[in-house]
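Q: According to the numbering used here, the sequence shown is numbered sequentially starting from 757.
Where a beta carbon is used, it is the ideal one built from N, C-alpha and C, also for glycine.
Have a look at this one.
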Amino acid sequence: MEVKGGKKGNPRIDLTPMVDLGFLLLTFFIMTTTMSKPKAMEIQMPFKDDKIPKEEQSKVKNDEALTVLLSKDHRVYYYHGIGDDPENPPEVEYTYFSNEDGIRDVLIEKKKTVNDLISQGVLDADDKVTVLIKPDATSTTDDLINILDEMTINAIPVYAVVDITPVDLDFIKSPESGNSGAAAE
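Okay, here's the thing in structure tokens:
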């Protein structure tokens, strides 16, 4: 007995619908994903007020000012005031970005001092803590970012990054030469 039938061919799989499915999935994922948004630091630029006389526009009172000098090895030098009186140079101290006795504690203490002076009537009610940040050429970008973060964390209302003066460089160099052992702590 002989079985008559057709010759069975090899099964063939058509992949054309798979390509369509791939493009549909690709389109779906592209449309539904969100791209990461770039993170940028918000910088507030000063505004120009024509009502204020020119000689009064950039005045910072010594009682409300704190000058921060950024130096090498993540050292942060600071003094109260703006240090513009050559007869009475400021007392320069230094600290680090540490959790205890760091620059954050200095900023908190300065805010308390300014608030006390406002409540005593020494400063006007609209006076605010003003921090002048002066990075040295030996400081790192990380240090500048860290001090700007401290301004945000401590809600310091007015701060500016300004060029360091030769007098400020002398303030940094004299403690660095005398405190080389103390700075290693």
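1) Return helix, strand or coil for N766, following the three-state DSSP convention.
2) Assign N935 to buried or exposed, taking buried as 16 or more other Cβ atoms, counted over all protein chains shown, within 10 Å of its Cβ.
3) Mind pulling the alpha helix (DSSP H) runs of 4 or more residues that sit fully within the segment 811-882?
4) I need the DSSP call for T772, collapsed to helix, strand or coil.
5) Quick check on D924: buried or exposed, where buried means 16 or more other Cβ atoms within 10 Å of its Cβ?
6) Give the single residue among V878, D892 and K866 whose Cα lies nearest to the Cα of H836.
7) Look at the alpha carbon of D899 and the alpha carbon of H830, and state the distance between them as a whole number of angstroms.
8) For the pair the segment 912-923 and the segment 886-897, tell me if three or more CB-CB distances fall below 8 Å.
9) Looking only at its chain, what residues have a beta carbon closer than 7 Å to the beta carbon of V902, apart from the 5 residues adjacent to it on each side?
10) How many angstroms separate the CA atom of V775 from the CA atom of K764?
11) Keeping to the same chain, check which residues put their C-beta closer than 6 Å to that of A821; ignore five residues upstream and five downstream.
12) E856 to L826, Cα distance in whole Å?
13) Name the two residues that bound the continuous alpha helix (DSSP H) containing I901.
14) Which stretch, first to last residue, makes up the beta strand (DSSP E) that contains K795?
15) Determine the DSSP secondary structure at V885, reduced to helix, strand or coil.
16) Expressed to the nearest angstrom, what Euclidean distance is found between the alpha-carbon atoms of M787 and P794?
17) Could you tell me which residues DSSP pairs with A893 in its beta bridges?
18) Would you list the residues sitting across from V918 in a DSSP beta bridge?
19) So, with DSSP's three-state summary, where would you put D924?
A: On the basis of the supplied data:
1) Within the sequence shown, residue 766 is the residue found at index 10, counting from 1. Correct three-state label for N766: coil.
2) Residue mapping note: residue 935 aligns to position 179 of the sequence shown, counting from 1. In this prediction, N935 scores a pLDDT of 46, lower than 50, which makes its location untrustworthy; no coordinate-derived value is stated.
3) The alpha helix (DSSP H) runs lying completely inside the segment 811-882 and spanning 4 residues or more are 859-876, given in chain order.
4) In the sequence shown, the residue the question calls residue 772 occupies position 16. DSSP, read as helix, strand or coil, puts T772 in helix.
5) On the sequence shown, residue 924 is found 168 positions in, with the first residue counted as 1. Burial call: buried.
6) Taking the first residue of the sequence shown as position 1, residue 836 is located at position 80. When each option's Cα is compared against that of H836, the closest is K866.
7) Counting from 1 along the sequence shown, the entry for residue 899 is found at position 143. Counting from 1 along the sequence shown, the entry for residue 830 is found at position 74. The straight-line gap separating the alpha-carbon atoms of D899 and H830 is approximately 6 Å.
8) Verdict: yes, contact present.
9) As a first step, residue 902 is located in the sequence shown; it is residue number 146 there, counting from the start. Checking the sequence, you will find Asn at residue 902 rather than Val. Excluding sequence neighbours, N902 sits near F853.
10) Taking the first residue of the sequence shown as 1, we reach residue 775 at position 19. Taking the first residue of the sequence shown as 1, we reach residue 764 at position 8. C-alpha separation (whole angstroms): 28 Å.
11) Residue mapping note: residue 821 aligns to position 65 of the sequence shown, counting from 1. Same-chain partners within the cutoff: G837, I838 and T886.
12) Indexing the sequence shown from 1 puts residue 856 at position 100. Indexing the sequence shown from 1 puts residue 826 at position 70. Answer to the nearest angstrom: the Cα atoms are 18 Å apart.
13) Taking the first residue of the sequence shown as 1, we reach residue 901 at position 145. First-last of the alpha helix (DSSP H) with I901: T897 to I909.
14) What you label residue 795 is simply residue 39 of the sequence shown in a count that begins at 1. First-last for K795: undefined, no H or E at that position.
15) In the sequence shown, counting from the first residue as 1, residue 885 sits at position 129. DSSP, read as helix, strand or coil, puts V885 in coil.
16) For the purposes of this step, residue 787 is taken as the residue at position 31 of the sequence shown. For the purposes of this step, residue 794 is taken as the residue at position 38 of the sequence shown. Rounded to the nearest angstrom, the gap between the Cα atoms of M787 and P794 is 19 Å.
17) In the sequence shown, residue 893 corresponds to position 137, counting from 1. Partner(s): none; A893 has no beta bridge.
18) Against the sequence shown, residue 918 aligns to sequence position 162. Per DSSP, none; premise fails for V918.
19) Sequence index remark: in the sequence shown, residue 924 carries index 168 (1-based). DSSP, read as helix, strand or coil, puts D924 in helix.
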